[in-house]
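Notes to accompany the following structure.
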Amino acid sequence: MLKILIVEDDDELLNGLDIILTKEGYRVLRTSQGEAGLDMAVREKPHLIILDASLPGISGLDVCRELREQGVRTPIILMSAKAEAMDRRTGSYPDANAYIAKPFGWRELLTCVRTQLHDIERGHPRAKSNPSL
Amino acid sequence: MTTWRQNYRSSPKITLILLLAFEGLTLTLFYFEVQSIRDFVTILNDSHKTASLHEVLVLIGFTALFVCALTVGGFLLVRAFQDLQMRQVREDFMNAVSHDLKTPLTLMQLYGETLLYHGDLSEEDRRTYSHIIVRQSKRLTYLIDQVLDLSRIEKAHKWYCLQEGDLAPVVAQAVEDYGQHLLQQGFSVKTDIPHHVPHVRFDGNAVSQAITNLLDNARKYSPDSKSIAVRLWSEDDQVFVEVEDHGIGIPKELLKEVLQPFYRVNPSNGGPMRRGHGLGLFLVGHIMHAHGGNIEVKSGRERGSRFRLVFPVMKRSVPSPFSISSLQNRLRKWGDSWSMKETGGGSGSLAFRRSHQENGRSAGVKFASRASAR
Chain W
552 MLKILIVEDD
562 DELLNGLDII
572 LTKEGYRVLR
582 TSQGEAGLDM
592 AVREKPHLII
602 LDASLPGISG
612 LDVCRELREQ
622 GVRTPIILMS
632 AKAEAMDRRT
642 GSYPDANAYI
652 AKPFGWRELL
662 TCVRTQLHDI
672 ERGHPRAKSN
682 PSL
Chain X
268 MTTWRQNYRS
278 SPKITLILLL
288 AFEGLTLTLF
298 YFEVQSIRDF
308 VTILNDSHKT
318 ASLHEVLVLI
328 GFTALFVCAL
338 TVGGFLLVRA
348 FQDLQMRQVR
358 EDFMNAVSHD
368 LKTPLTLMQL
378 YGETLLYHGD
388 LSEEDRRTYS
398 HIIVRQSKRL
408 TYLIDQVLDL
418 SRIEKAHKWY
428 CLQEGDLAPV
438 VAQAVEDYGQ
448 HLLQQGFSVK
458 TDIPHHVPHV
468 RFDGNAVSQA
478 ITNLLDNARK
488 YSPDSKSIAV
498 RLWSEDDQVF
508 VEVEDHGIGI
518 PKELLKEVLQ
528 PFYRVNPSNG
538 GPMRRGHGLG
548 LFLVGHIMHA
558 HGGNIEVKSG
568 RERGSRFRLV
578 FPVMKRSVPS
588 PFSISSLQNR
598 LRKWGDSWSM
608 KETGGGSGSL
618 AFRRSHQENG
628 RSAGVKFASR
638 ASAR
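Chains W and X supply the protein sequences, listed in that same order. To convert a position in the first sequence, counted from 1, into the working numbering, add 551. To convert a position in the second sequence, counted from 1, into the working numbering, add 267.
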């Protein structure tokens with residue numbers, strides 16, 4: 552079962568994403584703090600990380616940067632409420648693999664998740680051998 | 268005092284240009300001032316010369332202009348600094364509001380689409396998802412109301428409809444409504460609310476909002492000890508509503524700050540700043556001020572917080588039924604900017620409106636009453 556780590560400080564959204572992704576057959580790891588997210592990303596080796604950009608304390612952008620600096624190559628989907636399409640075009644989030652703007656729906660979320668997990672879900676040998684690092 | 272609204276409208280560029288212009292003027296004046304003083308000292312040192320009236324006046328004139336330019340320059344510098352600060356505060360506020368508005372919208376869209384496109388959901392799942400959508404729509408409404416209230420307060424368009432009544436059912440209902448949300452988050456809410464308390468004059472919606480804000484505040488700042496107590500009682504012509512938590516508390520030196528708009532408490536243990544926009548307690552303070560009451564805060568670092576709303580009990584000094592003309596005379600005597608109009612087509616309903624300045628802001632209070640219009 553593919554593991555997805557969600558780092559989101561809003562409890563209700565965290566629950567919501569957990570319920571929906573679990574229902575879609577993923578194993579969900581969750582935390583509401585950036586520091587714990589960093590730790591879990593390294594320790595649990597998830598196949599995908601969904602990260603809120605504006606976490607209190609250490610922000611999602613910092614978590615993203617820190618993970619890349621540590622050599623973690625797990626695909627990261629960044630969620631943000633304030634950034635616009637312009638930010639995506641101008642590459643404001645170079646460390647993230649994909650970006651999803653709030654508010655988003657079930658279809659957009661799953662499309663984004665499946666796109667990032669495409670290789671692993673199709674059993675790509677490279678993904679199988681070292682899916683998270 | 269500069270208000271948030273004024274800063275919002277002011278342009279930092281204009282302030283900066285004015286500041287630079289005054290700095291140039293000040294330097295020029297400083298040059299002439301030095302020249303005048305040098306001339307004057309030369310005259311004083313030369314025993315053969317005496318300072319003429321013209322030379323004394325020039326020196327005094329340049330000194331006065333120099334002092335004026337320094338004062339205006341200092342004022343502009345302070346203003347520019349305040350502008351920069353307020354721009355940052357406003358930006359943070361907009362980011363927080365934007366995030367908080369879009370989060371419930373995301374949940375509504377997520378679950379709405381799930382209900383729409385997932386044909387194989389069980390009845391229980393459908394009910395759960397529908398409940399989440401309803402709860403998030405309430406959350407969204409609450410947040411929009413808070414932001415609109417701030418806007419109304421800044422524009423002095425915030426009105427309260429004060430009516431005489433018993434606070435007990437209003438407090439109980441507000442606690443019950445928000446209590447559901449608290450219970451879901453693992454909080455225990457202990458209540459001590461009697462069936463009746465002496466009548467006070469209040470706006471039911473505003474009081475509910477104040478209690479909800481206090482409960483929300485307690486939830487937000489109680490990461491570990493999830494226990495909240497709500498009490499209602501009367502004593503010495505006052506009715507008290509108290510919300511107590513055992514959370515991170517507020518350092519004593521910051522107790523006054525928490526009622527300011529956009530202010531948020533930093534956790535003392537260096538933990539992350541709580542999500543929020545710093546409006547809740549400010550609105551509670553405004554509501555209590557409009558009710559002729561006040562808000563008392565007792566707290567300490569890591570010792571939890573106790574917020575107490577104090578309502579004055581109604582004193583029946585005004586005879587009832589009373590006439591509109593006698594009330595108009597009373598209003599004139601109070602000397603504040605009161606106005607009164609009869610509403611309800613002669614049914615005896617009166618609307619009172621009062622606007623005044625508080626801390627440099629315009630504020631408004633409105634209350635309605637029923638009287639025998641004679």
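Every residue gets a Cβ at the ideal spot worked out from N, C-alpha and C, and that includes glycine. Please read all numbers here as calculations on a predicted model, not as lab measurements.
Closer than 8 Å, CB to CB, is residue i near chain W or not?
i	result
Y488(X)	no
L482(X)	no
K369(X)	yes
Q476(X)	no
D603(X)	Unreliable placement is indicated for D603(X), whose pLDDT of 48 sits below 50; the coordinate value is still reported in the next sentence. By this cut-off, D603(X) is not an interface position.
G471(X)	no
What in chain W is Cβ-close to residue i, meaning under 8 Å?
i	result
Y384(X)	W657 and R658
H366(X)	S605, A632, K633 and K653
I399(X)	E563 and G567
L372(X)	K653 and P654
Q452(X)	D562
Determine whether the Cβ of residue i lies closer than 8 Å to any Cβ atom of chain X.
i	result
E617(W)	no
T641(W)	Because the pLDDT at T641(W) is just 44, under 50, the model does not fix this residue reliably, and the value given afterwards should be weighed accordingly. Not an interface residue.
D561(W)	yes
L553(W)	no
M637(W)	Low confidence applies to M637(W): its pLDDT is 42, below 50, so where it sits in the model is not reliable, and the reading given next is rough at best. Answer no: the Cβ-Cβ gap between M637(W) and chain X never drops below 8 Å.
If you check the beta carbons only, do residue i and residue j fall under 8 Å apart?
i	j	result
V438(X)	L482(X)	no
V577(X)	G560(X)	yes
I460(X)	V497(X)	yes
V525(X)	V474(X)	no
R227(X)	L382(X)	Because chain X here runs from 268 to 641, residue 227(X) falls outside it and cannot be looked at.
S492(X)	G514(X)	yes
I555(W)	L612(W)	no
Y378(X)	G567(W)	yes
I478(X)	V508(X)	yes
I627(W)	L602(W)	yes
V467(X)	V580(X)	yes
E559(W)	L589(W)	no
Y396(X)	W657(W)	no
H544(X)	F360(X)	yes
F348(X)	L326(X)	no
Y488(X)	D512(X)	yes
A592(W)	L629(W)	no
Per DSSP, residue i is paired with what?
i	result
T582(W)	V558(W)
K523(X)	Answer by DSSP bridge pairing: none, since K523(X) is not bridged.
F329(X)	None, per the DSSP bridge assignment.
R376(X)	Here the sequence assigns Gln to residue 376(X), which means Arg is not the residue at that position. Note: Q376(X) sits in no beta bridge, so no partner.
T573(W)	Bridge partners of T573(W): none, in fact.
L283(X)	Looking at the DSSP assignment, L283(X) forms no beta bridge with any residue, so it has no partner.
E502(X)	Q505(X)
R468(X)	E431(X)
P654(W)	DSSP lists no partner for P654(W).
M630(W)	D603(W) and I651(W)
L561(X)	The sequence as given places Asn at residue 561(X); Leu does not occur at that position. Its beta-bridge partners are V577(X).
K457(X)	A496(X)
What residues from chain X crowd round residue i, counting only those whose CB sits closer than 9 Å?
i	result
I571(W)	L377, Y378 and T381
Against residue i, what residues of chain W qualify as contacts under a CB-to-CB distance less than 7 Å, listed in chain order?
i	result
I517(X)	Near I517(X) there are no residues of chain W at all, since even the closest Cβ is about 18 Å away, more than 7 Å.
Are the C-beta of residue i and some C-beta of chain A separated by less than 8 Å?
i	result
H553(X)	Here the protein chains are W and X, and chain A is not one of them.
Quick one: is the Cβ of residue i within less than 7 Å of any heavy atom of the ligand NAP?
i	result
I400(X)	You won't find the ligand NAP in this model; it holds no ligand whatsoever.
| request: Examine the Cβ distances between the stretch 334-342 of chain X and the stretch 289-305 of chain X and report whether three or more of them are shorter than 8 Å. | output: yes
| query | Pairing CB atoms from the stretch 566-580 of chain X with CB atoms from the stretch 474-492 of chain X, are three or more of them under 8 Å? | reply | yes
| message | When you compare the stretch 427-437 of chain X with the stretch 517-532 of chain X, are there three or more beta-carbon pairs, one atom per stretch, that lie closer than 8 Å? | response | no
| task | Tell me, please, whether the stretch 370-378 of chain X touches the stretch 402-411 of chain X by the rule of three or more beta-carbon pairs shorter than 8 Å. | result | yes
| request: Flag this pair as touching only if the stretch 573-584 of chain W and the stretch 614-622 of chain W have three or more C-beta atom pairs under 8 Å; answer yes or no. | output: no
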